[in-house]
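Peer 1: Got a structure for you, questions after.
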Amino acid sequence: MKILKMLALVAAMLVIVAPQAFAAEGAAGTGPNWVAITSGFAMAFAAAFAALGQGRVASAACEGLARNPGAAAPIRLALILGLVFIETLALFTLLIVFTKVA
């Protein structure tokens, strides 16, 4: 519990101190491009968690088909719908990355 409180305190301090640290920047365009860097991390996280979610959806569909082969059509529909929703989230992240960096 103490570790959780300490992490919350550190996160709060970073939120409070970060704007002042970046406000002391020199001339415009001389520092690193933080938008591009953070966009890359955002896309990496989106791709990683989308792949994890797609694996779990496919695993659940295979398990459902193994338990009840007669329900193949509804399970297949739910599988495709779930995969579409997950991939859409990753594509929206990619769209946001392109609009922010460009």
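Heads up: the sequence shown runs through residues 111 to 212, numbered per the numbering used here. By construction, the Cβ of each residue, glycine as well, lies at the ideal position given by its N, Cα and C atoms. This one's a predicted model, so the numbers in the text were calculated from it and none came from an experiment.
For Ile196, which option in Leu162, Pro179, Val145, Val120 has the closest C-alpha, if you only look at C-alpha atoms?
Peer 2: As a first step, residue 196 must be located in the sequence shown, where it is residue number 86. Per the Cα distances, Leu162.
Peer 1: Quick check: what's the CA-CA separation for Ile206 versus Ala121?
Peer 2: Taking the sequence shown and counting its residues from 1, one reaches residue 206 at position 96. Taking the sequence shown and counting its residues from 1, one reaches residue 121 at position 11. Going by the C-alpha atoms only, they are around 25 angstroms apart.
Peer 1: Assign Ser169 to one of two classes, buried (16 or more other C-beta atoms within 10 Å of its C-beta) or exposed (fewer than that).
Peer 2: Counting from 1 along the sequence shown, the entry for residue 169 is found at position 59. Exposed, because fewer than 16 other Cβ atoms sit within 10 Å of the Cβ of Ser169.
Peer 1: What's the call for Ile185, buried or exposed, on a 16-neighbour Cβ count within 10 Å?
Peer 2: Against the sequence shown, residue 185 aligns to sequence position 75. Buried is the call here.
Peer 1: Where does Pro184 sit, in a helix, a strand or coil, going by DSSP?
Peer 2: Counted from its first residue, the sequence shown places residue 184 at position 74. In the structure shown, Pro184 sits in a helix (DSSP, three-state: H, G or I).
Peer 1: Assign Pro179 to one of three DSSP states: helix, strand, or coil.
Peer 2: To locate residue 179, count along the sequence shown from 1; it is residue 69. Three-state DSSP puts Pro179 in a helix.
Peer 1: Less than 8 angstroms between C-beta atoms, sequence neighbours within five positions excluded: which residues of the same chain meet that for Val145?
Peer 2: Position 35 of the sequence shown holds residue 145. Excluding positions up to five away in sequence, the list reads Lys210, Val211.
Peer 1: Report the three-state DSSP secondary structure of Met116 (helix, strand or coil).
Peer 2: Counting from one through the sequence shown, the residue named residue 116 turns up at place 6. In this structure, Met116 counts as helix in the three-state DSSP scheme.
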